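S.K.:
Residue numbers (the numbering used here), protein chains in the order written: chain A, 8 to 435; chain B, 62 to 242.
This is the structure:
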């Protein structure tokens with residue numbers, strides 16, 4: 008039997024993370040990269056999980072935890088549920104530190120009772136569990152909530168597996184705004200249009216999406232309630248209206264308007280009233296992004312001769328330049344703790360790459376190795392970035408850890424181009 | 062018996078007398094005619110422009126059809142170089158032709174739609190397209206188009222005419238288009 012040290016070393020030498028068993032091919036999780044220190048864990052098949060159809064709870068939990076980059080999976084064929092006790096010596100000899108098991112039971116009223124238990128293998132201790140009763144349509148959500156619970160128990164941080172993403176697809180002459188689980192599955196369609204839709208933005212409470220639609224033969228900013236579908240124009244001034252960004256308290260949006268000529272930043276109330284201009288340059292000022300404390304606005308400006316990222320106090324004051332390297336830095340997004348910025352930089356060879364910058368030191372890091380990246384945005388726990396890129400002639404979505412080491416390609420609707428992902432907030 | 066001399070001079074004299082009797086139109090001073098296009102000499106320009114009095118039989122001519130249609134054969138598109146919103150000389154006729162059309166037809170309105178190639182951020186490209194549309198708008202205003210007649214908007218990279226990923230395709234997408242409203 009290999010010692011744990013040898014096992015971890017062997018996995019590292021292989022250089023790839025584990026692939027899922029073929030039976031779960033639908034999830035199409037493609038994860039690349041090896042993290043420096045990954046927690047070895049085991050997820051046993053949940054008793055009765057086939058009753059949930061193709062939404063196999065243990066596979067969803069495993070894919071979530073793998074995508075986070077924090078865990079490596081150790082296989083085991085033990086067959087217990089949340090009421091049993093794992094054979095700890097076997098797991099220890101395989102190098103696993105924790106194991107989760109459970110069950111899925113169909114209730115008389117058609118709902119499903121999903122139960123799990125987590126054990127610390129090293130100590131041989133029960134770490135607790137839960138029972139969640141859900142409608143069939145929420146089985147995936149139940150699995151995501153268990154993954155969140157396991158993640159939080161083992162890392163001390165909140166998981167993002169029960170959150171949602173929004174993105175846009177284009178295909179066959181149609182544009183579709185979609186809302187999916189953070190793993191790319193379970194997509195629903197708030198809006199379909201023959202005209203372009205761009206720049207989706209989640210309201211902080213997760214109930215609305217702002218976006219730019221060209222249905223009026225010009226760009227106009229709309230806000231739509233996801234549950235009811237009710238939609239309203241919030242910026243429809245003369246010229247172009249675009250780039251909506253919600254203030255952290257949800258009461259205002261920053262937008263780019265050309266109503267006074269050029270492209271300048273304005274604040275408007277969430278109902279579209281009271282536009283106030285906040286940049287005063289003769290250049291292009293666009294792509295606003297609030298810092299999480301709501302006091303600073305980051306944005307893109309070419310006032311210095313090329314598009315660079317600046318920031319400016321919301322209450323008034325001069326803009327301060329933030330990016331100095333390269334001639335094209337755009338699409339800023341700020342991490343929830345306010346300490347990191349992600350953005351897109353075009354390098355000398357013309358490749359567009361997702362980057363991160365530590366905002367206190369200015370140190371930058373390249374996060375991707377593709378050449379056509381766009382639209383990076385942070386998960387609400389600040390541990391992952393989602394972005395769109397092009398590979399094999401198709402546009403697709405990726406998540407990555409902040410150091411760029413663990414990446415996952417998200418499944419999405421086939422046969423269409425996928426762009427402009429934006430990660431939603433906690434809470435549904 | 063009086064014999065009427067029906068030679069041309071007598072005839073025209075008779076006409077003048079007859080019409081003078083009507084008293085409704087002064088032939089030698091035509092009613093002021095609104096000049097519809099600046100600098101347009103046109104056929105039958107009114108005599109108000111010249112210092113000398115018009116011939117008595119002169120009739121001023123107003124052509125409501127002049128500049129009533131957009132200029133033919135010019136196309137409606139201005140193309141731009143990479144990262145530029147400068148209107149090149151070869152597209153001046155398009156800009157000026159449509160500007161004169163609008164100046165002559167104050168009730169007409171047009172939309173100027175700016176576009177870019179696909180490279181780079183969608184929102185930054187939306188703003189670049191806006192710059193192109195506004196450059197055309199400013200140039201048209203200089204030649205007489207009214208501010209209320211033109212709206213400049215941008216489609217950024219979203220309405221490519223060529224979906225290719227090379228310079229040939231990109232050059233076709235960097236444009237401003239004039240549309241009726």
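Backbone N, C-alpha and C define an ideal beta-carbon position, used for all residues, glycine too.
Predicted model, so just to flag it, every value in this text is computed and none were measured.
Using a Cβ-Cβ cut-off of less than 7 Å, list which residues of the stretch 272-298 of chain A approach chain B; keep chain order.
M.R.: The stretch 272-298 of chain A vs chain B, Cβ under 7 Å: 291, 293 and 294.
S.K.: Run through DSSP, which three-state label would residue 121 of chain B get?
M.R.: Here residue 121 of chain B sits in coil by DSSP.
S.K.: Helix, strand or coil, according to DSSP, for residue 2 of chain A in the structure here?
M.R.: Residue 2 of chain A cannot be examined here, being either before or after the span of chain A that is shown, 8 to 435.
S.K.: Return the residue from the list A/191, A/49, A/224 and A/370 that minimises the CA-CA distance to residue 100 of chain A.
M.R.: Here the closest residue by C-alpha is A/49.
S.K.: With three or more beta-carbon pairs closer than 8 Å as the criterion, would you say the stretch 236-251 of chain A touches the stretch 202-221 of chain B?
M.R.: Flag = yes, the stretch 236-251 of chain A and the stretch 202-221 of chain B touch.
S.K.: Exposed or buried, what is residue 149 of chain B when buried is set at 16 or more other beta-carbons lying within 10 Å of its beta-carbon?
M.R.: Exposed, by the Cβ-count rule.
S.K.: Quick check: the stretch 163-177 of chain A against the stretch 124-144 of chain A, are there 3 or more CB pairs under 8 Å?
M.R.: These segments do not touch.
S.K.: To the nearest angstrom, how far is the alpha carbon of residue 31 of chain B from that of residue 155 of chain B?
M.R.: No information on residue 31 of chain B is available, as it lies outside the stretch 62 to 242 that chain B covers here.
S.K.: Check whether the Cβ atoms of residue 159 of chain B and residue 114 of chain B lie closer than 8 Å to each other.
M.R.: The answer is no: Cβ separation not under 8 Å.
S.K.: In chain order, what residues of the same chain have a beta carbon less than 7 Å from the beta carbon of residue 161 of chain B, not counting five sequence neighbours either side?
M.R.: Taken in chain order, the residues that qualify are 98, 128, 204 and 205.
S.K.: Counting only Cβ pairs nearer than 9 Å, list the residues of chain B close to residue 351 of chain A.
M.R.: What residue 351 of chain A touches in chain B: 181 and 182.
S.K.: Under the rule that 16 or more other beta-carbon atoms within 10 Å means buried, what is residue 109 of chain B, buried or exposed?
M.R.: Note that residue 109 of chain B scores a pLDDT of 44, beneath 50, so its modelled location is shaky; the value from the coordinates is reported in the next line. By the 10 Å Cβ count, residue 109 of chain B comes out exposed.
S.K.: Decide if residue 117 of chain B is buried, meaning its Cβ has at least 16 other Cβ atoms within 10 Å, or exposed.
M.R.: Burial call: exposed.
S.K.: For the putative contact between residue 138 of chain A and residue 120 of chain A, defined by C-beta atoms under 8 Å, what is the C-beta separation to the nearest angstrom?
M.R.: Yes, residue 138 of chain A and residue 120 of chain A are in contact; Cβ-Cβ is about 6 Å, under 8 Å.
S.K.: Got a sec? Which residues, its chain only, sit under 8 Å from residue 209 of chain B by beta carbon, not counting five neighbours each side?
M.R.: So the list reads 170, once near-sequence residues are dropped.
S.K.: Could you give the DSSP three-state label for residue 164 of chain A: helix, strand or coil?
M.R.: In this structure, residue 164 of chain A counts as coil in the three-state DSSP scheme.
S.K.: Count the other C-beta atoms from every protein chain shown that fall within 10 angstroms of the C-beta of residue 278 of chain A, then say buried if there are 16 or more, exposed otherwise.
M.R.: That one is exposed.
S.K.: Let me make sure I understand the geometry here. Which of A/272, A/351 and A/400 has the alpha-carbon closest to that of residue 392 of chain A?
M.R.: Out of A/272, A/351 and A/400, A/351 has the C-alpha closest to the C-alpha of residue 392 of chain A.
S.K.: Applying the 10 Å Cβ sphere with the 16-neighbour rule, what's the burial state of residue 76 of chain A?
M.R.: The residue in question, residue 76 of chain A, is buried, as its Cβ has 16 or more Cβ neighbours within 10 Å.
S.K.: Between residue 79 of chain A and residue 45 of chain A, which are expected to be in contact by the criterion C-beta below 8 Å, what is the C-beta distance as a whole number of angstroms?
M.R.: Going by Cβ atoms, the distance from residue 79 of chain A to residue 45 of chain A rounds to 4 Å, so yes, they are a contact pair.
S.K.: Give me the Cα-Cα distance between residue 219 of chain A and residue 377 of chain A, rounded to the nearest whole angstrom.
M.R.: Roughly 27 Å separates the two Cα atoms.
S.K.: Report all residues from its chain with a CB closer than 8 Å to the CB of residue 153 of chain A; omit the five preceding and five following residues, and keep chain order.
M.R.: 64, 68, 107, 109, 121, 123, 137 and 139.
S.K.: Which residues in the same chain have their Cβ closer than 6 Å to the Cβ of residue 95 of chain B, if we skip the five residues on either side of it in sequence?
M.R.: With a pLDDT of 48 at residue 95 of chain B, under the threshold of 50, the modelled position of that residue is not reliable, and the figure given next carries that caveat. There are no such residues.
S.K.: Run through chain B and tell me which residues come within less than 7 Å of residue 378 of chain A, C-beta to C-beta.
M.R.: Here the premise fails: no neighbours, minimum Cβ distance about 11 Å.
S.K.: Pick from A/344, A/342, A/337 and A/369: whose alpha carbon is nearest that of residue 360 of chain A?
M.R.: The candidate whose alpha carbon is nearest that of residue 360 of chain A is A/337.
S.K.: Between the Cα of residue 408 of chain A and those of A/397, A/374 and A/354, spot the shortest distance and give me the residue it belongs to.
M.R.: Nearest of A/397, A/374 and A/354 to residue 408 of chain A, Cα basis: A/374.
S.K.: Is residue 260 of chain A closer than 8 Å to residue 217 of chain A when the C-beta atoms are compared?
M.R.: Yes, these two residues count as a Cβ contact at 8 Å.
S.K.: Here's the rule I'm using: 16 or more other beta-carbon atoms within 10 Å means buried, otherwise exposed. How should residue 30 of chain A be labelled?
M.R.: Residue placement at residue 30 of chain A cannot be trusted, given a pLDDT of 32 that sits under 50; the coordinates are not used to answer.
S.K.: What's the C-alpha gap between residue 47 of chain A and residue 56 of chain A?
M.R.: For residue 47 of chain A and residue 56 of chain A, the distance between alpha carbons rounds to 23 Å.
S.K.: Is residue 233 of chain B helix, strand or coil when you go by DSSP?
M.R.: In the structure shown, residue 233 of chain B sits in a helix (DSSP, three-state: H, G or I).
S.K.: Against residue 307 of chain A, what residues of chain B qualify as contacts under a CB-to-CB distance less than 8 Å, listed in chain order?
M.R.: Within 8 Å Cβ-Cβ: 182, 184 and 185.
S.K.: I need the DSSP call for residue 247 of chain A, collapsed to helix, strand or coil.
M.R.: Of the three classes helix, strand and coil, the one that applies to residue 247 of chain A here is coil, per DSSP.
S.K.: Which residue spans inside the stretch 362-391 of chain A form an unbroken alpha helix (DSSP H) run of at least 4?
M.R.: None, since the stretch 362-391 of chain A contains no complete alpha helix (DSSP H) of that length.
S.K.: Given this structure, state the Cα-to-Cα distance separating residue 187 of chain B from residue 165 of chain B, to the nearest angstrom.
M.R.: Using only the alpha carbons, I get a separation of about 31 Å.
S.K.: Can you tell me where the beta strand (DSSP E) with residue 317 of chain A in it begins and where it stops?
M.R.: Per DSSP, residue 317 of chain A belongs to the beta strand (DSSP E) from 315-320.
S.K.: Quick check on the burial criterion: 16 or more other C-beta atoms within 10 angstroms. Buried or exposed for residue 297 of chain A?
M.R.: Buried, because 16 or more other Cβ atoms sit within 10 Å of the Cβ of residue 297 of chain A.
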